[in-house]
Amino acid sequence: MCGIIGYIGHRPAVPILLEGLKRLEYRGYDSAGIAYIQQGKLKVIKSEGKISILEEKVFSNDPLHTTIGLGHTRWATHGVPNEKNAHPHMDLSGNICVVHNGIIENYTKIKESLKAKGIDFRSDTDTEVLVHLISEEYSKTQDPLTSIRYCLKQVQGSYAIGVMFSDRPKELWAAKHSSPLIVGIGVGENFIGSDVPAFLPYTKDVIFLEDEEIARLTTEHVDVYSLNTGDKIKKQIKTIPWDISLAQKGGYKHFMLKEIMEQPRVIFDALAGRVNYKTKRILLNELNDLGIPDKIHIVACGTSFHAGFWGKYLFESLAKIPVEVDIASEFRYRDPLIRKDDLVVVISQSGETADTLAGLRMAKEMGSKVVGICNVVGSSVARESDKVLYTQAGPEISVASTKAMCSQMVVILLMALYFAEKKNLMEPDKHNQLIMGLKDLPNILEKELPKTREIAKELSVMYSFARSFFYLGRGLNYPLALEGALKLKEISYIHAEGYAAGEMKHGPIALIDPEFPSFVIATKDHLFDKVVSNIKEIQARKGPIICLTNPDVKVSANHIWQVPDLGGILTSFLILPALQLFAYETAVYLGKDVDQPRNLAKSVTVE
Ligand code: M6R
Numbered sequence: 001m002c003g004i005i006g007y008i009g010h011r012p013a014v015p016i017l018l019e020g021l022k023r024l025e026y027r028g029y030d031s032a033g034i035a036y037i038q039q040g041k042l043k044v045i046k047s048e049g050k051i052s053i054l055e056e057k058v059f060s061n062d063p064l065h066t067t068i069g070l071g072h073t074r075w076a077t078h079g080v081p082n083e084k085n086a087h088p089h090m091d092l093s094g095n096i097c098v099v100h101n102g103i104i105e106n107y108t109k110i111k112e113s114l115k116a117k118g119i120d121f122r123s124d125t126d127t128e129v130l131v132h133l134i135s136e137e138y139s140k141t142q143d144p145l146t147s148i149r150y151c152l153k154q155v156q157g158s159y160a161i162g163v164m165f166s167d168r169p170k171e172l173w174a175a176k177h178s179s180p181l182i183v184g185i186g187v188g189e190n191f192i193g194s195d196v197p198a199f200l201p202y203t204k205d206v207i208f209l210e211d212e213e214i215a216r217l218t219t220e221h222v223d224v225y226s227l228n229t230g231d232k233i234k235k236q237i238k239t240i241p242w243d244i245s246l247a248q249k250g251g252y253k254h255f256m257l258k259e260i261m262e263q264p265r266v267i268f269d270a271l272a273g274r275v276n277y278k279t280k281r282i283l284l285n286e287l288n289d290l291g292i293p294d295k296i297h298i299v300a301c302g303t304s305f306h307a308g309f310w311g312k313y314l315f316e317s318l319a320k321i322p323v324e325v326d327i328a329s330e331f332r333y334r335d336p337l338i339r340k341d342d343l344v345v346v347i348s349q350s351g352e353t354a355d356t357l358a359g360l361r362m363a364k365e366m367g368s369k370v371v372g373i374c375n376v377v378g379s380s381v382a383r384e385s386d387k388v389l390y391t392q393a394g395p396e397i398s399v400a401s402t403k404a405m406c407s408q409m410v411v412i413l414l415m416a417l418y419f420a421e422k423k424n425l426m427e428p429d430k431h432n433q434l435i436m437g438l439k440d441l442p443n444i445l446e447k448e449l450p451k452t453r454e455i456a457k458e459l460s461v462m463y464s465f466a467r468s469f470f471y472l473g474r475g476l477n478y479p480l481a482l483e484g485a486l487k488l489k490e491i492s493y494i495h496a497e498g499y500a501a502g503e504m505k506h507g508p509i510a511l512i513d514p515e516f517p518s519f520v521i522a523t524k525d526h527l528f529d530k531v532v533s534n535i536k537e538i539q540a541r542k543g544p545i546i547c548l549t550n551p552d553v554k555v556s557a558n559h560i561w562q563v564p565d566l567g568g569i570l571t572s573f574l575i576l577p578a579l580q581l582f583a584y585e586t587a588v589y590l591g592k593d594v595d596q597p598r599n600l601a602k603s604v605t606v607e
C-alpha cells in the first residue's frame, strides 16, 4: 500500500529517491519522506501530501551531496496522514531509521512494553515499534543483522522494510514478509524498491526477496540472509523485460489515458506465442500437465474480479466447466468446497494484493492446484502459483486499472478455448472464426479507439450533471457493466452501480427519475431483446439512457453509442475501452485527479 525506494551507490542519492518516489506514487500519496546520511548524521525530511510538496521542502533544505538514502510514500493504515506519521521513522538516538510497507498486527502490545522501558513514541504508526526494537538490540550488539532479526522475530503481520544506520554509511538493509520488496542490481550501485519502476531507469537486473529474507546492500554487493537462521542465502539475479518508456506517460496527459490507448498492443502481446493461427490451436504450454479440471474457482479483487467474472461465462459456455467466482476477501474467510480435481485461478495485475494472495495460499493448503494470471513478473502470485500465465501488459501505473483487465480477458479467453479444445468441444467453424477474430482484434481496436474517445468526450460533458448512474448489462455485458460502474466511481466520484439488467425490476428501478441516468450495454446477441425490454422499463420511468450497442439494431435511447459487432465474445474488447474512456473523460471534465484518485492506492498489499 506504500512505496519504498532505497539507494546506495556513486550518484547523488536525493534526486534518485525523489524520482523513484514519483514513479511509486500510485502506491500511496497521502504523505512522503526521505532520509539520507550526511556527514555521519541521519537527516529526515517529511511532508504531508504529494511528492511534489516533499520535493519543494527537500530543495529548500538544500541537501548536500549524499550517496545513500531511503524514501517512502504512504497510504495511511495506522495514524492519520500527516507529517508526524510519515516515514522514515527514527529511533531516539537518531542513529537508525526505518521505512515500512505493511501492517504490524501486534504493535499495540510491543508499543506498551517499549513504553514501559521508557521509550517515547513520536508517531501514531505501527511502524515506529520496528525502529525502537532494532535500536534496543543494536545498542547492545552493534550488529545490524542481529538487531533486525531480533526485531522481526517479535512482530506479526506484514512488512517490507528499509533500514539505515548513520554509523554505517556504506550499508543499506532491507527485509520482507508478505509485502513486496525487490532489490535492483546496478554497476557500483544498488537499489531497493516496492516495485520495479522505482529504479527502472538504472537497472533491469533484480533479486526478488522472499518472505523472511534480509538483504544487506553496499555499492558493490548484495548479501541475503535468512531471518530464521541468520545464514547467507544464494539468490539468482533475474532480468525484467520492461523498458522505462513503458513506465512513462509518452505524451499523454494521464497514465490512465495512455494505458487505455495501449490496449491494441496489449492484446497483441497477450496473444503472442499463444495461438497457432495456421492450425488454429491454442498454445498454453504452461497448462499442459494440469489436466482438465472438474470445476474452476476464480479468486480476485476489484477489476481483476470483474475479468474473472467475465471469464466464468466463457469457461462455462465454451469449455463446459462449472465456475465459481469469488471476491478474494470473501473466499479466504468462507469455507469453500474445493475438491481434488478442481483448479483455483487467481487473477491479479500486481500479483501482490493481500486478499488474493491469502486466497491463493488457502487453496494450496487445501491441496488444490493454482494457476496465477498476473502481470508483474516475479510477484508473489507469480512465485507462489503452481503455474503462471503472464498477461504481458507492461507496467500499469494509473490507480484505475484498464489495460490489465483487457490483457486478463485475453488470457482467460485463451484458457477457455484451450480447455474446450482438450475436451473436443469446439465447433470447428466457430472456433476458427474466433481465432482469426482474435488475430485481427488489435488492428480493429486501434482504428476504433480515437472514435470511441471522441464519443466518450461528448457524452461525458452531457452527463456530468449526474450524481448517480446505473450500469446495466446481461450475459458477458454484466461483468463489464460492473467494471464500468467501478471505473466511473473511483475516478470521478460519481456514485455508480452495476446491475444485471434483469435485476432492475427487483428493486433498483425505484431510484429511476429524470435525474438518474443509466448506461445500458445492449449488444447484438441472444439477450438483446431482453435488454431492450429493460430499457423500455426505465424509459417508462423517464430515466435518461446511454445505450452502448452495435449497428443495425433497433433500439431507442437518449444517446445511442455504436461500436462494431465482432460477433459475441470479441465485442467485449470494444465495450471495455468505451466504458473506460467514458469514466476517464468524465473525471477529466470534472477536474478530478485521474491517475491518483482520493483514498485509493494501486496495490492493496494490506488486508
Ligand atoms: O493488482 P490486482 O489486480 O490484484 O488489484 C486488484 C484491485 O485492487 C484493483 O483492480 C482495483 O480495484 C483498481 N483500483 C480498479 O481500478
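For reference, each letter of the sequence shown is one residue, going 1 to 607 in our numbering.
Don't be surprised by glycine CBs; every beta carbon is placed ideally from N, CA and C.
Since the structure is predicted, the reported quantities are computational estimates derived from the model, not experimental observations.
- The beta carbon of V370 sits closer than 7 angstroms to the beta carbons of V344, V346, L360, A363, K364, S385 and D386 from its chain, once the five residues preceding and following it are set aside; these are given in chain order.
- Rounded to the nearest whole angstrom, the C-alpha separation of P293 and F315 is 11 angstroms.
- At the C-beta level, Y463 and K592 stay beyond 8 angstroms of one another.
- Every alpha helix (DSSP H) of 4 residues or more that sits fully in the stretch 440-522 is shown, in chain order, as 477-492.
- Secondary structure note for E56: it is in no beta strand (DSSP E), and the uninterrupted alpha helix (DSSP H) holding it is I51 to S60.
- About 6 angstroms separates the CB atoms of S178 and D211; that is less than 8 angstroms, so the two are in contact.
- Judged by DSSP secondary structure, T586 falls within the alpha helix (DSSP H) whose first and last residues are S572 to Y589.
- In the same chain as D565, and ignoring 5 residues on each side of it, the C-beta atoms closer than 8 angstroms to its own belong to T523, K524, N550, P551, D552 and T571, in chain order.
- Residue nearest to K50 within the set G40, T402, G118 and H72 is H72 (criterion: CA-CA distance).
- Membership of T549 in the beta strand (DSSP E) is indicated by the continuous run I545 to T549.
- Between P508 and P544, the CB-CB gap reaches or exceeds 8 angstroms.
- Distances from the CB of C2 to the heavy atoms of ligand 1 are all 7 angstroms or more.
- Per DSSP, reduced to three states, the secondary structure at W173 is strand.
- Looking at the DSSP output, G193 shares a beta bridge with I5 and I182.
- The alpha-carbon separation between V155 and N443 amounts to approximately 52 angstroms.
- Taking C-beta atoms as the reference points, L70 and I16 fail to come closer than 8 angstroms.
- DSSP lists G3 and A32 as the beta-bridge partner residues of T73.
- Bridge partners of D429 according to DSSP: none are assigned.
- When C-alpha distances from S348 are compared across T402, Y333, R334 and D341, the shortest belongs to T402.
- The bridge partners DSSP lists for I104 are G157.
- Annotated as distal: I5 and I37, with beta-carbon spacing of 8 angstroms or more.
- Judged by DSSP secondary structure, V131 falls within the alpha helix (DSSP H) whose first and last residues are E128 to T141.
- Shown here, L413 sits in a helix according to DSSP, grouped into three states.
- The closest CA to that of G9, considering only V80, Y202, L576 and T356, is found on Y202.
- Selection V98, V14, C97 and I182 evaluated against K57 yields V14 as nearest (Cα-Cα).
- Under the three-state reduction of DSSP, E213 is assigned to strand.
- Taking each of H78, N477, G437 and R334 in turn and checking the Cα distance to C2, the smallest one comes out for H78.
- With 16 or more neighbouring CB atoms inside 10 Å of its own CB, V377 falls in the buried class.
- In this structure, G372 has its CB at a distance of at least 7 angstroms from all heavy atoms of ligand 1.
- Counted as a single uninterrupted DSSP element, the stretch harbouring G568 is not any alpha helix (DSSP H), since DSSP gives it neither H nor E.
- Counting along the chain, A363 sits inside the alpha helix (DSSP H) bounded by residues A354 to E365.
- Less than 8 angstroms divides the Cβ of M405 from the Cβ of T303.
- Short note on L486: C-beta closer than 7 angstroms to some heavy atom of ligand 1.
- Distances between the C-beta of G20 and the heavy atoms of ligand 1 are all 7 angstroms or more.
- Assigned with DSSP and collapsed to three states, F165 falls in strand.
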